[in-house]
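Using the numbering used here, the letters of the first sequence correspond one by one to residues 364 to 870.
Beta carbons: idealized from backbone N, C-alpha and C, even for Gly.
All values reported here derive from a predicted model rather than from experimental measurement.
Beneath this line is the structure, given in structure tokens, with notes to follow.
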Amino acid sequence: MEKKVRVRFAPSPTGGLHLGGVRTVLFNYLFAKKHKGTFVVRIEDTDQRRYVPGAEDYLFDCLRWCGLEPDESVQHGGSLGPYRQSERKSLYKKYADTLIEKGLAYYAFDTPEELEKMRAELATPANPSPQYDRQVRMQLRNSLALGAAKTNELLEAGTPYVVRIKMPEQDTLRFTDLIRGEVSFDTSTLDDKVLLKADGMPTYHLAVVVDDYHMQITHAFRGEEWLPSAPVHILLWKYLFGLVQMPQWAHLPLILGPNGKLSKRDGAKYGFPVFAMNWTDPASKEITEGFKEKGFLPEAFLNLLALLGWNDGSEKEIFSLQELIDAFSIERIHSAGARFDYEKAKWFNHEWIKKSSVDRLLPEFEQRLFSQPATAEERKKLCQVIELVKDRCTLLMDIKEQAGFFFTDPLQVDTAAITGKWSAEKRAFFEWLADQYQHAPLGDAAAQEQLFKEKAASLQLKAGELLLPFRIMLVGGKFGPGVFDIATVLGPATTARRIAYALTLLP
RNA sequence: GGCCCGUUCGUCUAAGGGCUAGGACACCACCCUUUCACGGUGGUGAUACGGGUUCGAAUCCCGUACGGGCUACCA
Numbered sequence: 364m365e366k367k368v369r370v371r372f373a374p375s376p377t378g379g380l381h382l383g384g385v386r387t388v389l390f391n392y393l394f395a396k397k398h399k400g401t402f403v404v405r406i407e408d409t410d411q412r413r414y415v416p417g418a419e420d421y422l423f424d425c426l427r428w429c430g431l432e433p434d435e436s437v438q439h440g441g442s443l444g445p446y447r448q449s450e451r452k453s454l455y456k457k458y459a460d461t462l463i464e465k466g467l468a469y470y471a472f473d474t475p476e477e478l479e480k481m482r483a484e485l486a487t488p489a490n491p492s493p494q495y496d497r498q499v500r501m502q503l504r505n506s507l508a509l510g511a512a513k514t515n516e517l518l519e520a521g522t523p524y525v526v527r528i529k530m531p532e533q534d535t536l537r538f539t540d541l542i543r544g545e546v547s548f549d550t551s552t553l554d555d556k557v558l559l560k561a562d563g564m565p566t567y568h569l570a571v572v573v574d575d576y577h578m579q580i581t582h583a584f585r586g587e588e589w590l591p592s593a594p595v596h597i598l599l600w601k602y603l604f605g606l607v608q609m610p611q612w613a614h615l616p617l618i619l620g621p622n623g624k625l626s627k628r629d630g631a632k633y634g635f636p637v638f639a640m641n642w643t644d645p646a647s648k649e650i651t652e653g654f655k656e657k658g659f660l661p662e663a664f665l666n667l668l669a670l671l672g673w674n675d676g677s678e679k680e681i682f683s684l685q686e687l688i689d690a691f692s693i694e695r696i697h698s699a700g701a702r703f704d705y706e707k708a709k710w711f712n713h714e715w716i717k718k719s720s721v722d723r724l725l726p727e728f729e730q731r732l733f734s735q736p737a738t739a740e741e742r743k744k745l746c747q748v749i750e751l752v753k754d755r756c757t758l759l760m761d762i763k764e765q766a767g768f769f770f771t772d773p774l775q776v777d778t779a780a781i782t783g784k785w786s787a788e789k790r791a792f793f794e795w796l797a798d799q800y801q802h803a804p805l806g807d808a809a810a811q812e813q814l815f816k817e818k819a820a821s822l823q824l825k826a827g828e829l830l831l832p833f834r835i836m837l838v839g840g841k842f843g844p845g846v847f848d849i850a851t852v853l854g855p856a857t858t859a860r861r862i863a864y865a866l867t868l869l870p
């Protein structure tokens, strides 16, 4: 009997939720749902200096917007909490002590200044970043070099210390990554990573192992940037809980920006969002734009993220969340990093807007077009409008431009596009047309078009030369769906009014 | 510098030893549309390089080059 699948997303609440973070959530979620497992969100807030108020609530807001609700978390409850690492502090200390007792870790009293000095002294062009490792540890201020008596003395005097793992001299550590196969490391090249900080908080290395064990995590997904620290975690699993208990690891390929790992700066620089939702830095008040506010549908956002590094082997590209769950498999995740392409991202969104139902789109349109809740009548009109314009919206932001004129007379009428071929005959035609809309029942779009063309022919005017002016009178510019469809939705009174108004601007 | 990971059109990718190397985005052309989109048709465009293994390699192995990540008492 297989163990019940349990996965976790373990963000550190320090700011906006990055594209890559959402993709990690998504893969966790897909895998959990696919295997009827449990998706846990654990807050990694062990660095108190980096605490950012609001970041945690923001994170859950993002997950909610995406439709990726955790099964267990700070906000969702669960029996294996607390789900915030700062609230599990004493647990980690216990394990750090165990490691020291077994001689697998040691106390280190070096101050940050001393470490800096050591690195500065040892740095050479050939070795620009010296490590705290077996080469130098006997020359530093730690329990290994100092001996038991001196160590106890320092401890009793309340000297601040950290706990470091004692990296074995000569060992090869290997594991099988679900995405890249066997990966191995030689411990002789590794350093003695800090496990417990001077403030008593664990570092990521200790916390992730202890918590994954206690929360019974079976599969761990994380970004490829964590691969180099895998050997530390393997060792801790071996020392603390046994390797058989260790979750299966999958190191996800990185999402790259135009220059390496995608960063928030890239977004600002190249004009695309990087965060899921708008993030306002509480200190600087600086706002970083999110996909939501930029006008992405969450369905599209998830879809494009899933296809960045994964595909189902077919040529299918548009997937709903349920379809992703059904089709998902770790084996089909790529091992190479993927460069984020904003143009393709927009294409996904456009596809989703086109395929979404009027009902799905209604609240999106309403929210962007009305300052107050729409009346039943406005809603009815809105539905017709959505049907007419949704194919022309790539981002939800486009709604204002593509649909606004149905509800508000155009502020600017591009008369310059009309005046070139304007004439007294044409003016007469439009005066007649306005009058028709004002007084005669005109029927549907097809009937209006027929009448329009017949009248044009009778006056020896080319219908083609009248259509564009008509459009501009109604919408203000050279865009929008078929003119007679617009006139129909606008209704005769409004259509007549706009023609009449435009005529006042023309010779 | 050291360690780790990676390398198919500009970008995302398919092809898990036998092929005219397929699709999508973007781009270009044409068609449709008496606006602009949508849509349709077609086009430009890739297996980093060098060695092996094999009857046969994008696919397996080695090396080189290039790219990325890590190298904090951050995650």
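Where the beta strand (DSSP E) containing residue i begins and where it ends
i: Lys614; result: The residue you asked about is not Lys; residue 614 is His in the sequence shown. Segment Gln611 to Leu615, the beta strand (DSSP E) holding His614.
i: Val573; result: Counting along the chain, Val573 falls outside any beta strand (DSSP E), though it belongs to the alpha helix (DSSP H) covering Tyr567 to His577.
i: His582; result: His582 to Gly586
i: Ile528; result: Val525 to Ile528
i: Ala471; result: Ala468 to Ala471
i: Phe372; result: Arg369 to Phe372
Identity of the residue in the options nearest residue i by Cα
i: Phe733; options: Leu751, Phe815, Lys707 and Phe768; result: Phe768
i: Phe402; options: Glu419, Thr409 and His439; result: His439
i: Gly521; options: Pro491, Val557 and Asp562; result: Asp562
i: Phe497; options: Trp715, Glu484 and Tyr469; result: Strictly speaking, residue 497 in this sequence is Arg, with Phe absent from that position. Comparing Cα-Cα distances from Arg497 to each of Trp715, Glu484 and Tyr469, the minimum goes to Tyr469.
i: Val607; options: Phe538, Leu485 and Leu393; result: Phe538
i: Val571; options: Thr409, Asp675 and Glu678; result: Thr409
i: Gly620; options: Ala459, Asp704 and Leu518; result: Asp704
i: Gly389; options: Ile406, Val370 and Glu750; result: Reading off the sequence shown, one finds Leu at residue 389, where the question assumed Gly. Of the listed residues, the one whose Cα sits closest to Leu389 is Val370.
i: Lys743; options: Pro726, Pro591, Leu759 and Asp754; result: Pro726
i: Phe793; options: Gly676, Gly806 and Met836; result: Met836
i: Met578; options: Asp772, Thr782 and Leu454; result: Leu454
i: Arg405; options: Ser442, Leu382 and Gly430; result: Ser442
i: Gly466; options: Met530, Asp420, Ser449 and Leu431; result: Met530
i: Gly854; options: Gly827, Tyr864 and Gly806; result: Gly806
i: Ala418; options: Asp549, Arg500, Asn641 and Gly544; result: Asn641
i: Tyr446; options: Pro433, Thr867 and Tyr458; result: Pro433
i: Tyr800; options: Glu464, Leu684, Asp629 and Ala856; result: Ala856
i: Ile872; options: Ala708, Lys657 and Ala791; result: As displayed, the chain neither begins before 364 nor continues past 870, which places residue 872 out of reach and without an answer.
i: Glu788; options: Glu812, Ala819 and Ala766; result: Ala819
i: Met481; options: Arg500, Gly839 and Glu464; result: Arg500
8 Å contact criterion, which residue i and residue j should meet: CB distance rounded
i: Leu503; j: Asp473; result: 5 Å
i: Asn666; j: Phe711; result: 5 Å
i: Phe654; j: Ala669; result: Their Cβ separation, rounded to whole angstroms, is 14 Å, which puts Phe654 and Ala669 out of contact at 8 Å.
i: Ala797; j: Ile862; result: 4 Å
i: Asp555; j: Val546; result: Going by Cβ atoms, the distance from Asp555 to Val546 rounds to 21 Å, so no, they are not a contact pair.
i: Leu382; j: Leu625; result: 6 Å
Residue(s) in a DSSP beta bridge with residue i
i: Leu619; result: Lys624 and Arg702
i: Asp549; result: Thr535
i: Asp540; result: Gly544
i: Asn484; result: Inspection of the sequence shows that residue 484 is occupied by Glu rather than by Asn. DSSP output for Glu484 lists no bridge partner at all.
i: Leu559; result: Val526 and Pro565
i: Val404; result: Phe372
i: Thr643; result: Ile650
i: Phe792; result: DSSP, once it has assigned bridges, lists no residue as partnering Phe792.
i: Ser436; result: Gly440
i: Asn490; result: Thr487
i: Trp879; result: A question about residue 879 goes unanswered here, because the residues of the chain that appear run from 364 up to 870.
i: His381; result: Phe638
i: Arg427; result: Per DSSP, none; premise fails for Arg427.
i: Arg731; result: The partner list for Arg731 (beta bridge, DSSP) is empty, contrary to what the question assumes.
Residue i - containing alpha helix (DSSP H), residue span
i: Phe664; result: Pro661 to Ala669
i: Thr461; result: Lys452 to Glu464
i: Phe815; result: Ala808 to Ser821
i: Ser506; result: Ser506 to Leu509
i: Gln685; result: Leu684 to Ala690
i: Gln747; result: Ala739 to Val752
i: Arg860; result: Pro855 to Leu868
i: Asp772; result: Here Asp772 belongs to no alpha helix (DSSP H), and DSSP marks it neither H nor E.
i: Ala766; result: Ile762 to Ala766
i: Arg834; result: Ala826 to Val838
Three or more C-beta pairs below 8 Å linking the stretch 480-495 and the stretch 601-614: Touching, no.
Meets three-Cβ-pair contact criterion under 8 Å: the stretch 647-663 and the stretch 694-702: Pairwise C-beta distances place the stretch 647-663 out of contact with the stretch 694-702, as fewer than three of them are shorter than 8 Å.
Contact the stretch 377-384 vs the stretch 408-421: 3+ CB pairs below 8 Å: Contact holds between the stretch 377-384 and the stretch 408-421, because three or more Cβ pairs, one in each stretch, are under 8 Å apart.
Cβ contact check for the stretch 559-573 and the stretch 519-537: 3 or more pairs under 8 Å: In the pairwise beta carbon analysis, the stretch 559-573 is classified as touching the stretch 519-537: at least three pairs are separated by under 8 Å.
Contact between the stretch 656-664 and the stretch 711-727 (3+ Cβ pairs under 8 Å): Touching, yes.
The stretch 774-786 / the stretch 741-758 touching (three or more Cβ pairs under 8 Å): The count of Cβ pairs closer than 8 Å, one atom from the stretch 774-786 and one from the stretch 741-758, stays below three, leaving the stretches out of contact.
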